[in-house]
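These protein sequence lines map, in sequence, to chains A and B.
Going by this note's numbering, the first sequence opens with residue 140, and the numbers climb by one from there.
Going by this note's numbering, the second sequence opens with residue 21, and the numbers climb by one from there.
Every residue, glycine too, gets a C-beta built ideally from N, C-alpha and C.
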Amino acid sequence: TEDNMEALRQRNYGPAQYSAPNKHLIEHQFSPYVNNGGTTLAIAGNDFVVVAGDTRVSFGYAIHTRENNKLCELTDKCIIATAGMQADQVTLHKLLRTRMVQYKQEHGKEMSTTAIAQMLSNTLYYRRFFPYYTFNVLAGLDSNGKGCVFSYDAIGSFERYNYASSGTGQKLVQPLLDNQIALKNQQVERLEDLTEEEVVTLVKDTFTSAGERDIYTGDHVEIAIINKEGVRYELFDLRQD
Amino acid sequence: MSRSNYDSDITVWSPEGKLHQVDYALQAVKQGSACVGLKSNTHVVLLGLQRYPSELASPLKKLFRADDHFGLGISGLIADGRVLTKWIRNECLNHRFVYESGVQCTRLARKLADKSQVNTQRYGRRPYGVGLLLAGYDRTGAHLIECDPSGNFYEYKAQAIGRRCQSAKTYLERNFEQFEDAPLDELIKHGVRALQETLARKQDSKKQEPVELTVRNTSIAIVGEGLNFTILNDEQLQQYISAADSDAMDVDA
């Protein structure tokens with residue numbers, strides 16, 4: 140009608156009118172990532188290696204489960220421990236397990252720990268532009284039977300260490316390992332190499348400490364000890380709060 | 021099989037209603053060294069007679085593990101067999117990745133058969149020149165399936181393919197009623213005896229064919245309830261070869 144036309148003309152002439160910001164419509168962005176918490180660590184000995192990860196899966200201040208497995212046995216000489224997002228952890232482990240079978244079928248032998256280490260790096264970098272939200276620690280016996288530990292970032296940067304940790308408790312655990320295993324910046328000397336039992340005790344104490352201050356670490360610790368006889372598991376209880 | 025005017029192209033029918041290229045591919049399977057399979061209610065046994073290209077060479081592998089619960093034996097063009105084995109292994113792994121369980125034997129056989137059929141209907145391709153005996157144990161029980169170049173697949177209680185397989189089939193036909201409830205040991209011994217039937221009667225120095233079963237030219241694989249697909253090692257092989265020989269008197273051969 141004539142009135143409407145007049146109103147429209149009024150609107151379209153002249154400078155643009157500023158409209159107040161909308162308080163009702165909020166744009167939500169889907170985030171594909173979530174941190175499910177948890178801590179892992181690995182320590183290499185002369186002819187053994189100890190890997191451990193707590194079993195709690197968190198979601199903010201809530202707990203999804205107390206019985207999750209962060210460790211995955213890839214060969215009888217190599218275990219991977221993954222902290223970060225549980226969905227990516229499970230998928231990554233599944234993918235690696237499949238690659239183990241493929242390697243065995245193609246080469247007629249199990250993959251060596253050092254080969255797995257490089258392959259894990261490549262697998263992570265393959266997803267450089269949509270990474271696995273995973274912080275991995277790979278541990279095993281190398282081809283000489285010596286313990287080795289590899290630590291990774293989310294996109295596959297890795298290095299071989301004597302000990303490593305990752306996850307929400309890393310900042311609490313790593314300094315303790317620096318102090319007790321490498322005896323960094325101390326006048327203390329170690330006369331004999333650490334035995335398996337000593338390392339396992341240290342791991343339990345470390346997790347107990349991490350569980351005190353890190354809310355995402357607790358419930359249980361799954362500890363795996365790899366030596367020339369094979370793999371042995373221990374389950375250790377932690378605070379459940 | 022004489023030459024015919026309709027046999028050069030896979031996509032050409034003959035007036036008798038045959039695809040000659042497919043028939044010739046089936047013939048290639050018959051030229052391969054023997055492969056025998058037999059099953060009971062709970063286990064499947066695969067046996068292969070391994071041929072050596074020459075005295076100096078290592079044997080051509082006949083039996084392959086595809087997955088924990090599944091394996092196969094090949095007869096014919098070994099190169100085609102190797103390629104198909106690779107494909108089957110990949111299919112098994114994919115299935116396991118997606119469904120977290122082993123693929124059912126009959127489903128895999130169907131997929132393989134469909135793949136083989138493509139090569140009988142597309143211009144410029146040729147059928148795979150290898151016959152396969154698939155052996156697997158899944159939730160539907162024990163399965164022994166033959167897949168051939170034509171794209172057909174058949175389930176069997178016992179079957180033999182390759183050179184002189186008819187002799188093995190005769191033994192199997194006579195004894196298959198005992199297989200159903202037979203314990204694993206007995207089943208393997210039956211298989212060894214069936215494989216023995218396919219041996220050459222006398223030594224032919226040109227063809228390098230074996231006249232008796234030894235650890236060198238035989239391979240046996242077993243799969244079944246609570247038993248992953250395993251290829252027997254030399255020690256176990258020798259045990260069964262000797263056992264089958266000594267028991268030969270008791271069996272209606």
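Check	Outcome
Buried or exposed (CB count within 10 angstroms, at least 16 for buried), K82 (chain B)	buried
L207 (chain B) Cβ short of 7 Å to the ligand FMN heavy atom set	Judged by which ligands are present, the structure shown has none, so any question about the ligand FMN falls away.
Chain-ordered chain A contacts of F117 (chain B) [CB-CB under 9 Å]	K233, L234, R236 and T237
Where L333 (chain A) falls: helix, strand or coil (DSSP)	coil
Three-state class that DSSP yields for K310 (chain A) in the structure shown	helix
Q319 (chain A) burial status per 10 Å Cβ neighbour count (16 or more: buried)	buried
Proximal residues to L204 (chain B) (C-beta, below 6 Å), its chain only, five neighbours per side dropped	H63
DSSP-derived helix/strand/coil call for E328 (chain A)	coil
Presumed contact (8 Å Cβ cut-off) between D100 (chain B) and Y26 (chain B), rounded CB distance	About 24 Å; that fails the 8 Å criterion.
Residues sharing a beta bridge with L277 (chain A), DSSP	A:I219 and A:F289
Nearest residue (CA-CA) to D134 (chain B), options B:N237, B:P230 and B:P169	B:P169
CB contact check: K113 (chain B) to chain A, cutoff 8 Å	A small fix is needed here, since residue 113 (chain B) is Leu in this sequence, not Lys. Closer than 8 Å to some Cβ of chain A, the Cβ of L113 (chain B) qualifies, so yes.
Any chain B beta carbon closer than 8 Å to Q241 (chain A)	yes
Extent of the continuous alpha helix (DSSP H) to which S265 (chain B) belongs	Looking at the sequence provided, one finds Asp at residue 265 (chain B) rather than Ser. Where D265 (chain B) is concerned, the enclosing alpha helix (DSSP H) stretches over D254 to S266.
Residues of its chain near A264 (chain B), where Cβ-Cβ distance is below 6 Å and the 5 sequence neighbours each way are ignored	K209, V212 and R213
Other residues of its chain near Y119 (chain B): CB distance less than 8 Å, five sequence neighbours each side excluded	none
Nearest to T253 (chain A) (by Cα), restricted to the options A:D332, A:S290 and A:T237	A:S290
Short Cβ contact (8 Å threshold) for C217 (chain A) with I182 (chain A)	no
Cβ neighbour criterion (16 or more within 10 Å) applied to H232 (chain A)	buried
Opening and closing residue of the alpha helix (DSSP H) in which Y72 (chain B) lies	Looking at the DSSP string, Y72 (chain B) is not in any alpha helix (DSSP H), and its letter there is neither H nor E.
Y264 (chain A) beta carbon less than 8 Å from that of G286 (chain A)	no
In DSSP terms, what K59 (chain B) is bridged to	B:V64
Cβ contact (3+ pairs, closer than 8 Å) linking the region 36 to 51 of chain B and the region 305 to 317 of chain A	no
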